[in-house]
Each structure stands twice: as structure tokens, then as C-alpha cells.
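Enquirer:
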Amino acid sequence: MTVNVRPATAEDASALAAVAAVTFPLACPPHTTDEAKAQFIATVLSEERFAGYLTDQARDLLIAESEDGTAIGYAMLVNGEPADPDVAGAIRVRPTIELSKCYVLPGHHGEGVAGLLMRASIDAATAREAEGIWLGVNEENARAQHFYGKHGFERVGSKRFLVGDRLEHDWVMERAL
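The C-terminal position of the sequence shown is numbered 177 in our numbering, with every residue numbered one higher than the one before it.
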């Protein structure tokens, strides 16, 4: 299968939100309630929020599409110093950029789509002259941790991540560029 990864445009907000609604729950630990997942999707991953992300000059959004132009994954990077003090204290390489999101629809896992998104994300971070890239991944998400490790990320710290009314614990992983 041929996959195209390109910078997302304003016309992609709906497709990005649709992919996010399917993929975000897959990254949540088993104890996360359906209500908490739905609230997070509605408040952080809605079409309206993606429309805003797409106009934010500090963000880069990438969309992965199948041969027929259907969105099958996406990545979002956020340029700049992290606001979270736990992250700011953990990362070692600056200037930095956050890989905030990197998701692929479940029917396309194992096809290399995530690797293509990762390469495009690293290219986008390099284009912004970042020296390092970091991310947060739930401490229970071994599959994602393994994927990031294969792409050169190392665990450098931890942070908390609010989903619903519960604070989750994430590992902070970083890679020099």
C-alpha cells in the first residue's frame, strides 16, 4: 500500500478529528473510563480544536493518507520550551520540540505508517531548527514505548497527564536530532 504523509491544511480538520476520536482511546490505560475518553476527545480533539491547531504558528500537523486519500494517521508537533515544569526539568536537549500526537488507525498498524509519520515529524522538527524532540507516553503503553525506543527516544523523566478527573502518569522520552 502506498501512503502519503504531508502537512495538514485547514481542509483536513474534520479528518484529523475523526482519526483522533478512534485512536486516542487506544493509547489510554485500561482503567480510563469511556466518559473520560469522550470528554477529552470533545474538548481537546474536536474538529474545532484541530481547526485552531492548524492556524497555530507553533504547531506542525502531518496527515498520513492511503492511496485513495483517506486519512489513516496523523502527528502533531508543538515548537518551544515546555510549559510543564516536570518536562522542562527532564529534557536535556534544547531548543526542543514536542511530538504531541502520533497516531495511526488500528487497521493500519504494522504497515509502516507510524514510521513514515515519525520520519516526517523528525524532518519537521529539524526544519524548525530544534536540537531535540520529546514526547509523553503513558507508563502502561508498552507498545508505544517500544516504537519510540526503536526510533531513538530514551526515557528521561516523568510527568502527569489529565484525562477526565484522573491524573495519569506518563514517561517523558527524548531524542537528540
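C-beta atoms are modelled at their ideal positions from N, C-alpha and C, and glycine is treated no differently.
1. Under the rule that 16 or more other beta-carbon atoms within 10 Å means buried, what is Thr-9, buried or exposed?
2. Starting from Pro-82, trace the beta strand (DSSP E) both ways and give me its first and last residue.
3. Could you check the C-alpha separation between Ala-36 and Val-163 for me, to the nearest Å?
4. Please go through the same chain and pick out, in chain order, the residues whose beta-carbon is closer than 8 Å to the beta-carbon of Val-22, but skip the five residues on each side of it.
5. Taking just the CA atoms, how far does Arg-128 sit from Tyr-53?
6. Fully enclosed by the region 31-88, which alpha helix (DSSP H) runs are 4 residues long or longer?
7. Which same chain residues, not among the five before or five after Phe-50, have their C-beta less than 7 Å away from its C-beta?
8. For Gly-164, which three-state DSSP category applies?
9. Which residues in the same chain as Ser-46 place their Cβ atom closer than 8 Å to its Cβ, once the five residues preceding and following it in sequence are excluded?
10. Where does Leu-99 fall in DSSP's three states?
11. Which value, in whole angstroms, describes the spacing of the CA atoms of Pro-85 and Asp-68?
12. Would the beta-carbon of Leu-177 fall within 8 Å of that of Gly-132?
13. Based on Cα-Cα distance, which residue from Asp-123, Lys-101, Gly-110, Met-173 lies nearest to Phe-180?
14. For Leu-178, does the three-state DSSP call read helix, strand or coil?
15. Distance check for Val-19 and Glu-48, CA to CA, integer angstroms please.
16. On the DSSP letters alone, give me the boundaries of the alpha helix (DSSP H) that Arg-6 sits inside.
17. Under three-state DSSP, which class holds Ile-133?
Expert: Here's the rundown:
1. exposed
2. Segment: none, Pro-82 is in no beta strand (DSSP E) and carries neither H nor E.
3. 6 Å
4. Leu-105, Pro-106
5. 17 Å
6. If one requires a minimum length of 4 residues, the alpha helix (DSSP H) runs lying completely within the region 31-88 are 34-44, 47-55, in chain order.
7. Ala-13, Leu-16, Ala-17
8. coil
9. Exclusion of the five residues before and after Ser-46 leaves Ala-17 as the residues of its chain whose Cβ lies within less than 8 Å of its Cβ.
10. strand
11. 43 Å
12. yes
13. The shown model of the chain, from 1 to 177, leaves out residue 180, and the question about it has no answer.
14. Residue 178 falls outside the range modelled here, since the chain spans only 1 to 177, and no answer is possible.
15. 14 Å
16. From DSSP, Arg-6 is part of no alpha helix (DSSP H) but of the beta strand (DSSP E) over 4-7.
17. DSSP, read as helix, strand or coil, puts Ile-133 in strand.
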